[in-house]
Amino acid sequence: MELSLVVMAVGASLAAGLATGLGALPLLLVPQVQKPAQHAMLGFAAGAMVAASLLSLLVPAYHHADVTLDGTMALVAVAASALAGAAILAVIGCYLPDYWPKRQSQTADVAMHRRMWLLVLAVALHNFPEGLAVGVSFGTGEIGRSIGLAIAIGLHNVPEGLVVATALVALKYPRLKAVVIATATGLAEPVGGLLGVLAVTLWEALLPWALGMAAGAMLYVVVGGILPELRPRGNRALAAMGFIGGVAMMTALDIALADV
115 MELSLVVMAV GASLAAGLAT GLGALPLLLV PQVQKPAQHA MLGFAAGAMV
165 AASLLSLLVP AYHHADVTLD GTMALVAVAA SALAGAAILA VIGCYLPDYW
215 PKRQSQTADV AMHRRMWLLV LAVALHNFPE GLAVGVSFGT GEIGRSIGLA
265 IAIGLHNVPE GLVVATALVA LKYPRLKAVV IATATGLAEP VGGLLGVLAV
315 TLWEALLPWA LGMAAGAMLY VVVGGILPEL RPRGNRALAA MGFIGGVAMM
365 TALDIALADV
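Residues in the sequence shown are numbered from 115 upward in steps of one, following this note's numbering.
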């Protein structure tokens, strides 16, 4: 096991996690970030994450699986692992609301605070598999693609931090405290990064399965978390342009960093 890979994985996942705080910082400077800007940012982040999932996780997963399995079985194995990663997050999403059961007697204000902290917890929990994806990617030894993946996840975390901090400010939390809480939700990522890189470097056979599961988990975040937020009331044109920009930027970044 190379110590340098572990250090890079933890550092990159920590940087991606701290991007939640970067997204929340505008609240200290401007009264409110307008909805159209949020929608464009979310669309951009979704596009970057989709491209990163395909280029930095699923494609390397297939290449590593193809070493021990024939072409068809490698495809099946990677697809199954991606579905498993998405299923794990889906199950977590189903049971997460049970942390705060509804009570008929609770006031609307208390219910709003409970929903807000559910959002904070949900963001923190789904940051863990994102960090895991970065760690697993660094375990392949492909530094350029791993850096690109960390950048894509960081871009996703920027609007996420803004959403959390904005919601806390709406509940009368001090702006600085809201920014600190939003930043703290990203600290699950370096934990996932450390576990991911240790797992695949100590047991290399896990690599294609871990890459596939990480890709499935990331795609589930996009399809199950970001896109539904944009569909009913978002500015679809801005979100679509942002999405295309995110895919294009991530693809260019992956090509540019492929030889690093």
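The C-beta atom is built at its ideal place from N, Cα and C for all residues, glycine as well. No experiment lies behind these values; they were computed from the predicted model shown.
**Met327 beta carbon less than 7 Å from that of Ser118** = no
**Asked** Around the Cβ of Gly262, are there at least 16 other Cβ atoms within 10 angstroms (buried) or fewer (exposed)?
**Response** buried
**Request:** Could you check which residue in Leu325, Ala354, Arg350, Ile358 has the C-alpha nearest to that of Ala198?
**Result:** For the residues Leu325, Ala354, Arg350, Ile358, the minimum Cα distance to Ala198 belongs to Leu325.
**Request:** Would you decide whether Gly185 is buried or exposed? Buried here means 16 or more other CB atoms lie within 10 Å of its CB.
**Result:** exposed
**Message:** So, with DSSP's three-state summary, where would you put Asp368?
**Reply:** When secondary structure is reduced to three states using DSSP, Asp368 falls in the helix class.
**Request:** Please name the residue in Ala159, Ala247, Val293 whose C-alpha comes closest to that of Ser127.
**Result:** Ala247
**Request:** Within 10 angstroms of the Cβ of Gln384, are there 16 or more other Cβ atoms? Answer buried if so, exposed if not.
**Result:** Given a span of 115 to 374 for the chain in the structure shown, any question on residue 384 remains unanswerable.
**Asked** DSSP three-state call for Gly268: helix, strand or coil?
**Response** helix
**Message:** Tell me the DSSP secondary structure of Leu309 in three-state form.
**Reply:** helix
**Request:** Measure from the alpha carbon of Ala366 to the alpha carbon of each residue in Leu183, Ser170, Leu141, then state which is nearest.
**Result:** Ser170
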